[in-house]
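Residues in the sequence shown are numbered from 134 upward in steps of one, following my numbering.
In what follows, a single structure is set out as structure tokens and then discussed.
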Amino acid sequence: MSNSKKLIGIGSTAIHASGHNNADHAHLTPIYASSTFTFDTAEEGSERFAGKDKTKLYSRWGNPSFTTAQETIEALETFGLEDEQGNSLQVKALLHASGQAALTTLFLGNLKSGDIVLSHHALYGGTHELLLKVLAAASIGTILIDLNDSALVDASLKENSQIKLIHIETPSNPTLRCVDIEQVCSIAKKYGCLVSVDNTAATPYLQQPFKLGADFVMHSTTKFLNGHGTALGGVLLGKDLDKMNGPIWKWHVLLGGNSNAFDAYLLTQGMKTLALRMEQHCANAMKVAHFLANHPKVEKVNYSGLASHPDHAIAMKQMRHPGALMSFELKGGIEAGRKFINKLSMCVKAISFGTPDTLLSHPASMSHMGIPREERLQSDITDGLIRMSVGIEHIEDIINDLSQALEVA
Ligand SMILES: *Cc1c(COP(=O)(O)O)cnc(C)c1O
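Below, the structure is given as structure tokens:
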């Protein structure tokens with residue numbers, strides 16, 4: 134990573150952190166759409182294979198287009214942070230094809246049969262299934278508890294020496310529950326247990342888990358980091374460089390969840406406006422949350438920026454702003470949800486989040502319609518629940534659209 138540039142603002146870092154990574158002086162790192170890289174001589178081949186830098190050998194192992202994106206994310210997640218010796222904190226990022234691929238490397242790279250992951254309820258659906266179906270089949274267990282209950286976390290670690298990793302997702306979607314990262318990390322340290330944080334919903338602009346003691350950070354870059362909905366991607370970062378460059382890198386290349394040059398390029402360009410976008414996303418979200426909280430057709434708003442949210446204090450403690458995701462419940466249940474969604478005119482009906490456009494979905498009639506009602510309610514997906522990723526449009530356009538759609542709800 135290029136540490137020569139010490140910048141004052143994280144927004145400048147998003148733009149300038151990476152090198153240009155090409156010999157032709159192109160301003161933007163080109164899309165290196167090449168599966169393999171050439172050697173002039175056998176000696177040069179030996180040198181490159183023996184060297185630490187494996188980015189110019191074979192694209193499953195690395196590629197200059199990935200390097201540029203990785204350097205940017207490394208710089209953002211460590212912006213302003215120092216290690217125990219007072220030097221700039223160094224971490225290593227590995228770009229993946231998707232958030233799921235990054236999670237797979239994280240879990241399989243750190244756990245073996247018989248080990249246990251300690252995590253919490255309200256995880257991203259893909260993470261929940263990966264843990265309880267795929268890892269379970271490989272005899273890696275999962276225990277889900279309330280990670281904000283410090284006595285329970287302590288007791289769980291004391292009773293189960295097989296717990297090797299605590300995995301935190303904060304804030305979680307769609308109810309915006311937050312976990313106190315620093316508190317969990319300090320308990321984990323006592324037991325030599327590793328902590329990973331899914332920082333997808335926050336981005337390093339809002340929250341830096343390494344500052345709070347985490348060992349690993351992962352993202353679905355598909356969301357706010359790419360920021361434009363143009364490509365899937367994932368990243369896994371770790372602060373144990375020997376482990377990241379050794380066994381974790383090995384698992385990553387053997388599992389084959391590598392990114393590709395085009396998606397890496399789109400991610401790199403998208404991240405340049407991260408600070409600007411997040412400010413606008415969050416400012417809009419706060420106004421939308423207040424608008425909804427005061428609306429007669431809305432039963433409840435789940436947004437950690439509101440004082441009424443159960444994890445408001447945790448969000449305020451560890452995040453710059455409470456983010457741009459929220460959910461709300463319509464008083465009229467399933468039918469109101471359907472009518473409301475159908476009446477939206479500017480806002481987009483879609484799942485996922487972190488695009489410039491405001492996205493809304495109604496899980497009960499869309500993504501979760503196949504799940505039995507009882508089961509759905511257990512994960513807080515009520516009949517009238519609407520999920521929302523607030524975009525960066527003009528705030529009045531967003532509120533006008535919501536307002537006219539709420540008339541029919
Ligand atoms: C989307 C998402 C994932 C999975 O990422 P993909 O890029 O879809 O594979 C993991 N965690 C969270 C919090 C997500 O929102």
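Yeah, the Cβ is synthetic: ideal placement off N, Cα and C, and Gly gets one too.
Let me check understanding here. Comparing Cα to Cα, which of the options lies closest to residue i?
| i | options | result |
| --- | --- | --- |
| I320 | N306, N281, K356, P304 | N281 |
| D375 | H254, T260, I301, A226 | A226 |
| L358 | K185, I141, S231, P429 | S231 |
| Q316 | D287, A334, M419, D157 | D287 |
| T108 | L268, Q203, G487, H261 | As shown, the chain starts at 134 and ends at 542. That puts residue 108 outside it, with no answer to give. |
| F240 | R453, H261, T162 | H261 |
| H352 | M479, E508, A448, A202 | A202 |
| S272 | K430, I249, K420, I141 | I249 |
| K420 | P455, F395, A364, L388 | P455 |
| T162 | P505, M449, M499, L400 | L400 |
| V431 | G470, K450, A394 | G470 |
| Q295 | L251, T363, R453, G142 | L251 |
| K482 | M449, M452, M521 | M521 |
| M185 | R310, M377, A497, M449 | A quick correction: the sequence has Lys, not Met, at residue 185. Cα-wise, what sits closest to K185 is M377. |
| H501 | A335, P197, G258 | G258 |
In its own chain, which residues sit with a C-beta less than 8 Å from the C-beta of residue i, not counting the 5 before and 5 after it?
| i | result |
| --- | --- |
| K322 | G346 |
| L222 | T211, L214, E215, D216, F343, K372 |
| I525 | R410, Q413, H414, N417, P489 |
By Cβ distance, which residues of its chain are closer than 6 Å to residue i, with the 5 residues on each side in sequence left out?
| i | result |
| --- | --- |
| F199 | L228, S392, A397 |
| V144 | The residue asked about is misnamed: residue 144 is Gly in this sequence, not Val. Hits under 6 Å: A408. |
| D122 | As displayed, the chain neither begins before 134 nor continues past 542, which places residue 122 out of reach and without an answer. |
| A208 | T146, A150 |
| G195 | K187, T188 |
| M134 | Annotation note: pLDDT 43 at M134 (below 50); position unreliable, no value reported. |
What is the rounded straight-line gap between the Cα of residue i and the Cα of residue j?
| i | j | result |
| --- | --- | --- |
| A426 | K187 | 52 Å |
| L407 | F461 | 26 Å |
| I519 | H495 | 5 Å |
| G274 | S329 | 16 Å |
| E529 | T491 | 12 Å |
| W382 | I278 | 30 Å |
| I467 | L510 | 13 Å |
| N475 | V541 | 10 Å |
| V350 | A446 | 22 Å |
| K139 | R410 | 22 Å |
| G247 | A270 | 11 Å |
| I532 | L477 | 11 Å |
| L79 | T515 | With the chain covering 134 to 542 only, the question about residue 79 has no answer from this structure. |
| K297 | S289 | 12 Å |
| D534 | L263 | 37 Å |
| N293 | L244 | 15 Å |
| K464 | D444 | 23 Å |
| K580 | K291 | Past the edges of the chain, shown from 134 to 542, lies residue 580, and the structure says nothing about it. |
| S176 | A183 | Sequence check: residue 176 is Glu here, not Ser. Approximately 11 Å between the Cα atoms of the pair. |
| G360 | G379 | 31 Å |
| H153 | K405 | 14 Å |
| S283 | L339 | 24 Å |
| D348 | D157 | 37 Å |
| S543 | T174 | Since the displayed the chain opens at 134 and closes at 542, residue 543 lies outside it and no answer follows. |
| Y324 | M479 | 51 Å |
| F395 | L327 | 33 Å |
| F424 | T303 | 24 Å |
| V267 | T363 | 28 Å |
| E507 | A538 | 28 Å |
For ligand 1, is there any heavy atom lying closer than 8 Å to the beta carbon of residue i?
| i | result |
| --- | --- |
| F199 | no |
| Y257 | yes |
| E302 | yes |
| L400 | no |
| D375 | no |
| K266 | no |
| D331 | yes |
| F486 | yes |
| G232 | yes |
| N306 | yes |
| K430 | no |
| L477 | no |
| K187 | no |
| L510 | no |
| G366 | yes |
Spatial neighbours of residue i within its chain, please: C-beta separation below 7 Å, excluding the five flanking residues on both sides.
| i | result |
| --- | --- |
| A234 | G367, G390 |
| N136 | Per-residue confidence for N136 stands at a pLDDT of 49, beneath the threshold of 50, marking its modelled position as unreliable; the derived number appears in the next sentence. Closer than 7 Å at the Cβ level, and outside the excluded window around N136, lie S221. |
| A422 | V434, Y436, G438, L439, M459 |
| V224 | E207, E210, T211, F343, L370, G371, K372 |
| H527 | none |
| T354 | G366, G367, V368, L400 |
| V386 | R193, W194 |
| H254 | L277 |
Would you say residue i reaches chain D, if we count a Cβ-Cβ gap shorter than 9 Å as a contact?
| i | result |
| --- | --- |
| N293 | Judged by its chain identifiers, the structure shown contains no chain D, having just a single protein chain. |
Check whether the Cβ of residue i sits closer than 8 Å to any heavy atom of ligand 2, and report yes or no.
| i | result |
| --- | --- |
| T260 | You won't find ligand 2 in this model; what it holds is ligand 1. |
Practice problem: Taking 8 Å as the threshold, find out whether the region 163-175 comes into contact with the region 190-198 through three or more Cβ pairs. | Solution: The answer is yes - the region 190-198 touches the region 163-175, with three or more Cβ pairs under 8 Å.
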